[in-house]
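See structure below.
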Amino acid sequence: MIDIKWTELVNTLLVYSAKIGILLIVFLIVAPLGKKLISSLLRKSTSTKRVSEARALTLEKLLINVFSYTLIFIFVVMFFGIIGLEIGPLIAGAGVIGLAVAFGAQGLVSDIVTGFFILLEKQVDVGDYVTTAGYNGVVEEIGLRTTQLRGFDGTLHYVPNREITGVSNHSRGNMRALVDIGISYEDSIDHAISVLKSVCAEFEADVRFEEAPDVIGVQAFGSSEVVLRIIGRTINGEQWSAERDIRKRVKEAFDENNIEIPYPHQVNVVKN
Amino acid sequence: MIDIKWTELVNTLLVYSAKIGILLIVFLIVAPLGKKLISSLLRKSTSTKRVSEARALTLEKLLINVFSYTLIFIFVVMFFGIIGLEIGPLIAGAGVIGLAVAFGAQGLVSDIVTGFFILLEKQVDVGDYVTTAGYNGVVEEIGLRTTQLRGFDGTLHYVPNREITGVSNHSRGNMRALVDIGISYEDSIDHAISVLKSVCAEFEADVRFEEAPDVIGVQAFGSSEVVLRIIGRTINGEQWSAERDIRKRVKEAFDENNIEIPYPHQVNVVKN
Amino acid sequence: MIDIKWTELVNTLLVYSAKIGILLIVFLIVAPLGKKLISSLLRKSTSTKRVSEARALTLEKLLINVFSYTLIFIFVVMFFGIIGLEIGPLIAGAGVIGLAVAFGAQGLVSDIVTGFFILLEKQVDVGDYVTTAGYNGVVEEIGLRTTQLRGFDGTLHYVPNREITGVSNHSRGNMRALVDIGISYEDSIDHAISVLKSVCAEFEADVRFEEAPDVIGVQAFGSSEVVLRIIGRTINGEQWSAERDIRKRVKEAFDENNIEIPYPHQVNVVKN
Amino acid sequence: MIDIKWTELVNTLLVYSAKIGILLIVFLIVAPLGKKLISSLLRKSTSTKRVSEARALTLEKLLINVFSYTLIFIFVVMFFGIIGLEIGPLIAGAGVIGLAVAFGAQGLVSDIVTGFFILLEKQVDVGDYVTTAGYNGVVEEIGLRTTQLRGFDGTLHYVPNREITGVSNHSRGNMRALVDIGISYEDSIDHAISVLKSVCAEFEADVRFEEAPDVIGVQAFGSSEVVLRIIGRTINGEQWSAERDIRKRVKEAFDENNIEIPYPHQVNVVKN
Amino acid sequence: MIDIKWTELVNTLLVYSAKIGILLIVFLIVAPLGKKLISSLLRKSTSTKRVSEARALTLEKLLINVFSYTLIFIFVVMFFGIIGLEIGPLIAGAGVIGLAVAFGAQGLVSDIVTGFFILLEKQVDVGDYVTTAGYNGVVEEIGLRTTQLRGFDGTLHYVPNREITGVSNHSRGNMRALVDIGISYEDSIDHAISVLKSVCAEFEADVRFEEAPDVIGVQAFGSSEVVLRIIGRTINGEQWSAERDIRKRVKEAFDENNIEIPYPHQVNVVKN
Amino acid sequence: MIDIKWTELVNTLLVYSAKIGILLIVFLIVAPLGKKLISSLLRKSTSTKRVSEARALTLEKLLINVFSYTLIFIFVVMFFGIIGLEIGPLIAGAGVIGLAVAFGAQGLVSDIVTGFFILLEKQVDVGDYVTTAGYNGVVEEIGLRTTQLRGFDGTLHYVPNREITGVSNHSRGNMRALVDIGISYEDSIDHAISVLKSVCAEFEADVRFEEAPDVIGVQAFGSSEVVLRIIGRTINGEQWSAERDIRKRVKEAFDENNIEIPYPHQVNVVKN
Amino acid sequence: MIDIKWTELVNTLLVYSAKIGILLIVFLIVAPLGKKLISSLLRKSTSTKRVSEARALTLEKLLINVFSYTLIFIFVVMFFGIIGLEIGPLIAGAGVIGLAVAFGAQGLVSDIVTGFFILLEKQVDVGDYVTTAGYNGVVEEIGLRTTQLRGFDGTLHYVPNREITGVSNHSRGNMRALVDIGISYEDSIDHAISVLKSVCAEFEADVRFEEAPDVIGVQAFGSSEVVLRIIGRTINGEQWSAERDIRKRVKEAFDENNIEIPYPHQVNVVKN
């Protein structure tokens, strides 16, 4: 006679039910707790960094999404594990394909991890002028996967975040204006410096300058000229126009004072 | 006597049937649900990005294909697992070969993952003029594995998508036209600038320009010339012809006003 | 007395036989089905791409070979698994050596995967003139592991397919003929352009041109010359001879019209 | 009758309780012990390196955080393991995704590991002028993930710590001032050296110098000049202004002594 | 009393014997079969490629060696597995060291895999003049691990086969002889071409040429000369001496016809 | 009645105790033995290499530390394993995080492994002048993780040991002093060589030289000069000052003998 | 009553003893056999390559060491495995740390593997002049981990063997002496060649030459000179002095025959 072992079956079912029950309870507790933890942690860490409301919300939404999907995945796998459906070999079987995918997709994950920190640490803001990954331009959009830069000539650069290994942000604080001027070896250095100092004095009242430009001395002996250097600090973004204006005024002042910006020189020893 | 344990056999079969039954039911529920989820998710994410109908369909088809193949693979492995055919060692055994394949095929996966996001994020469109992966040209076709660019000289570049680590899209928005002109150190900067400004004025009505060109000042002290710069914004694709026309007009205006674009200079100190 | 448990033995044998039976049946079904699937899939995907009959056959043969070897491998391992010969540790043991092999052989796999797609996607054909992986030449043979290019100087380049990360195919569609000509700063741009235009007109009837060459304007201010550019579209492969002929005619036309192609200029300021 | 095996159940529970009990006790002992160990170890290792109080606290906090999270993670997993919830397959299942994440996140871990050692070993301090990872500037902030450098032109560089493979710290100890001066092949080397030595003597009392500059001899035969070299040691940060002043004085002394800093020379053999 | 279960022991031994027996039989069948398969496969694949007898033997010996060692390894591990000596943990334990070894030895494996295909595909032969991996020279020896090239200056280059990512074989088929000649902008292009054509005609009977050299036209406008190009096809290895002879004859023909190969030109605008 | 199986429990405990006992005994034997082995091995290997006492102690301390930590780790894990606390899944679970950490920390391990061998093999000593990893300077400190170089200009370079892939040690043995001198094509080579030989003779008694400098002949035909070369061997560190002195004496001797160190020459063919 | 199952215990012990016994016997057979095999294999493979006695001994010692350590490691692990001490989890637990170590130590393994083959294949000998890994010099010592090169200037380069991806050995066989001489475009090529041939003839009896130098023709048209080339084969190491002597004699012969080695030429078109 076929003697089905009811006792054992019931026992097994009981154990199963108990396990699933514990599982459910754990998840029902973990889910809201985790979400709250994320929210509060993020708020604390962003509040100290003055991250804008909108950005904080984006990050929160992202993190809670990731958390939810992970939880669902874990629940499903554990559920199957308890029921005893042999999910182990399946997963192992998926490993070979999975490995290829993992290799292929690591770039994607790397993009998102880096993107997350760029957003959180506020390394760049929309509107900043930055140099990164061999591109430079004004930031148009910062995404989790790509950052968009508008180059000077109008080109739009899409940079995957993983390529952003270092960021040079040109929009953080004052900038230096720097102009190198070559004078002839025949001219008096002292005279040239005094003329340049008078030019620099004209820019003292210039609102573009945080710190008026000044002559710092003989920077180098060029092959045909003695190089003098002017340095000043300007408001961010004004350094280029300031440099252009200094250059124009220097040329004019030199013309007035008969100081020559020399052409390349060569001594010709003539033989026949 | 050979005493076949019928009871046990039936019990085992019962368990097997139950397991396979659950498996089937789960799959019959998951399959249509997953497909629907994909469709709706994709539609939502693409609708906000104004992806064209055709492109959305391509993506949807791709994702559902991937989903179906994965489901079939999972079903088969789980089925074998339940029956008890020792698929574990097989899969482990496949691991060594699999690893080599995984390494070899990661490029393929990487291509498809990147291709998917290029399609989804609309980084490039057919007809855009782009620079990427060391190639530049007009996009002829965007595939999941390769993107085809038509170079300026007519060459067709096949670029695997994984090589596209950054995209410079020259067809997004207005472009800058930029012309640098060198004038002699002997010429008056003010005079030259006024001539250049009158040339720029001629282009004010030019429909190619979004923002008429203007002289921005002394860009640099060259070894033989003072470099002045003209900058303007043009409609996309018109920057090159605009630059060519500015150059021609500048040369003519300089000729009329006796302003010289200087040759390289050298001071020769003659000895014998 | 030694009491051999015949019942159990028979039972075990029965289970074994059943398992092997199922295994056999599954394989006998899967083998022909798989082969058919490959054939039909390949035919469908190649028919839409107009792949030549011979090439399609090569691909089909390759895929069926790979499929057969995989099936045999799977069958053998599963057979051993059922018999209970401990193949698990063996395979694990092979892992260390296998890993080294996998690393070493990944290049081979990568070659074949890339080769497969180059064949399937028809990126290059025998006879195409291409640039890839730092080599350029005419394709002599496309293999699954290597592609052979015949360089211009007669050298035969063997390029492993995995090195082919991007292909520039110079034999797809019309090519541009481009000639840059420098004229003196003293010469009239308008005059030079009208002479060049008359030269271009001579090529209107030339069968090598799809689109007759034309002068597009002032391309650049060189240090000693104003650079004018001529552009035209030619039939593939004719761009070089077309360019050579344009160059010869331009030189002759300039000679007739006393327009000079200037030597490098230098202004010498003489001092003693 | 369904005969629930109470004995066995109680036995099992007993074993469970015992195991969890041991686990709890072990953790209650390990947790405070570990924290104390970290504190004392860190204090010992930092005290010998004169790390500032604030920095030591940061490191301690970080290490205790890491330790706590690890402990919690271990406890949870072991707890599940004891209860018998099948966490094994789950974890294996997470492996594929995990692998991708591991690849993607390795940069992050690498950042933190390197950051930890940069902090601990005091390779850079806030305010140091350093060159690293292709950037150079003054250190504004050293974080666990990124280090911020303020470039000379005002740009703020964000450098991920993993990119810091080598650090050139320009703010550790005295610096060398080095000036190369070319004299004519016609001038007497001895005369020039004596003039330079008298210039160097003027700087003997200069507080910027740790070791007064001196002429070390004929450094090279240039194509048009004999190169003499002056070397001295200055207080950190004063090397540039010292060099500028030496250059100015050398030029003036040479002018007084009729020693020429020669222009590039060329012998012209004139033919007709 | 100690009651040794003889029955069970005998049963176990019986199972063991059976397993080992099957194992032995399988191996005794597989070994000779495998060797034969390798021989016949290799012969077939090499016969179609006209691989020399000696080379085929080398490959066969290598493959049979690899096959034998693998078989022995498999046999030993399976034998231990059957006896029940716990070889699993051992192998796992070897994993860590093994991984390091695998990483370290992958170069070796990669060398051999590449070497095998270089031999099989006959990419290079002893005596060929090739460029590969940054070296170029005449092949002296092709080994499984390294290939030896004799450089032009006599240096012997040992190149690990894995470095051979692309091979440029200069000894396969005819080569092109190419000579570029610059003529003065003042000289008539037609005249120069007719002179060059007469020079080319002299080489028509030259046995070194497969295809007599010819003038193909105006290759470029140089800064001081119009560049004409001569191209011909020579027997392999004769291209350099052919080029040298063409150059000598061109110079002589130009001298006779008063055509100048111009020096670099410069227009000097003299100012005072 | 709940019937606790005391017998079984005691049996289990007995087995446990036995296992732990064996474990303890093994460790108590292995620990001191291992330490002694390390000490004696290190002493033997360092004594033959004349490693300084202090350095040998550092290495010994490091190795014994590593050994102790490893032993403790092994003991703890085996202890848990015996008790039966499920440490397996925990460790597997740690794998994903561990993998990321392993990737991130491999640099650290690589630093220490390389550092160990640099110390052991005495590739560099404190005070040596070396070039490595793109930096060069005098070694200030050799650590297990980083090596510090003091650059010539005073900069302190921190080089992670893993970056030290090759070391050029300039402080091992005598150095060569090498001076190249160009003489005019018009001057007699024999005359110039005899003058140079007399200069070299002056340095015969110079204590800086191990091997007096000598003229080795015509090194090259420069575009404007015939290059002669002088070579000698000096005590380590004296090569630069020796070269400077040779240069000075050569110039003076040439002046006395009317041998010219020529300027760059150019033949000017004048046209109008 | 506690009823210890003596029978079972004894049985277990019996099985254990048997297993350990087999293990011991296997190892006692394998150990000497393995060592003998290594010795004989190495001797055979080195005898055919004429490896020096000392080198063969070094290799043998190394291989036997590696073999012994491996055997001990295997024995210990298998012993623990048989006793049933849970070594599995321990090893798995070591995996994470092990992975980091494996990554970090792979360089070391790679060094030794490469070093082994450099020694075995005799790619370099002590005293050879080689170029490898960006360094070049005379080999001073070949170790398993590093190879030491003495650079020409006296620097000692330590090159890790893994960096040695290709070796250019300049001390294997005869070397080519090569001298390029430029003659004026005005001079007769035939005359110059005949003079050069007479110079070459002088070196026919020179013992340094294996093959007397000869003029091979017009190598190139330089911008200012026609380049002629002399090539000869010399005994190894004598190529440089041979080249120097040829250069000296060519200059003298040209002076006697009024053939000019021309300076760079330029045609100056003078304008005012």
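Protein chains in written order, with UniProt numbering: chain A, 1 to 272; chain B, 1 to 272; chain C, 1 to 272; chain D, 1 to 272; chain E, 1 to 272; chain F, 1 to 272; chain G, 1 to 272.
Glycine included, every Cβ here is placed at the ideal spot set by N, Cα and C.
Remark: C-beta atoms of C/Arg249 and C/Val195 do not approach each other more closely than 7 Å. When DSSP states are grouped into helix, strand and coil, C/Glu60 belongs to the helix group.
Look at F/Tyr69 here: in three-state DSSP terms it is helix.
Chain-ordered, the chain F residues with CB closer than 7 Å to the CB of G/Ala133 read Gly166.
In the three-state reduction of the DSSP assignment, A/Ile142 falls in the strand class. The beta-carbon separation of C/Ala192 and C/Ile259, rounded to 5 Å, stays under the 8 Å limit for a contact. Shortest Cα-Cα distance from E/Ile261 to any of E/Thr58, E/Phe152 and E/Ser184 involves E/Ser184. The Cβ of G/Asn272 sits no closer than 7 Å to any Cβ of chain F.
The stretch 224-238 of chain B and the stretch 170-182 of chain B touch, with no fewer than 3 CB-CB distances between them shorter than 8 Å. Look at D/Asn161 here: in three-state DSSP terms it is helix. C/Ile142 has its alpha-carbon roughly 14 Å from the corresponding atom of C/Thr131.
The beta carbon of C/Gln123 falls within 7 Å of a beta carbon belonging to chain B, placing the residue at that interface.
Using a CB distance cut-off of 7 Å, E/Gln266 counts as an interface residue toward chain G. Take C/Gly115, set aside five residues on each side of it, and the residues of its chain with a beta-carbon closer than 7 Å to its own are Gly143, Leu144, Arg145 and Asn161, in chain order. Annotated as distal: F/His170 and F/Tyr135, with beta-carbon spacing of 7 Å or more. Ranked by Cα distance from D/Leu33, the options D/Gly237, D/Leu71 and D/Lys19 are led by D/Leu71.
If you check each beta-carbon in the stretch 177-200 of chain D against every beta-carbon of chain F, the ones closer than 8 Å belong to Leu178, Tyr185 and Ile189. Residue environment for B/Arg43: exposed (fewer than 16 other C-beta atoms within 10 angstroms of its C-beta).
Cβ neighbours of G/Glu210 within its own chain (closer than 7 Å, five residues either side excluded): Asn174, Arg233, Thr234 and Ile235.
Assignment of beta-bridge partners to E/Lys271 by DSSP yields C/Val269. Think of a sphere of 9 Å around the beta carbon of B/Phe221: the chain A residues whose beta carbon falls inside it are Val179, Asp180, Ile181, Gly182, Arg247, Val250, Lys251 and Ile261, in chain order. Going by DSSP, C/Gln123 is part of no alpha helix (DSSP H) at all; its letter is neither H nor E. The three-state secondary structure of G/Pro262, taken from DSSP, is coil. B/Gln148 is bridged by DSSP to B/Glu141 and B/Tyr158. Note: A/Asp214 is bridge-paired with A/Ile231 in the DSSP secondary-structure output.
Not one beta carbon of chain B lies nearer than 7 Å to the beta carbon of A/Tyr129.
Among the CB atoms of chain A, none fall inside 7 Å of the CB of D/Val113.
Contact annotation for E/Ser40 against chain C: no contact, minimum CB-CB distance about 16 Å [criterion: below 8 Å]. If you draw a straight line from the Cα of A/Glu121 to the Cα of A/Asp111, it is about 15 Å long.
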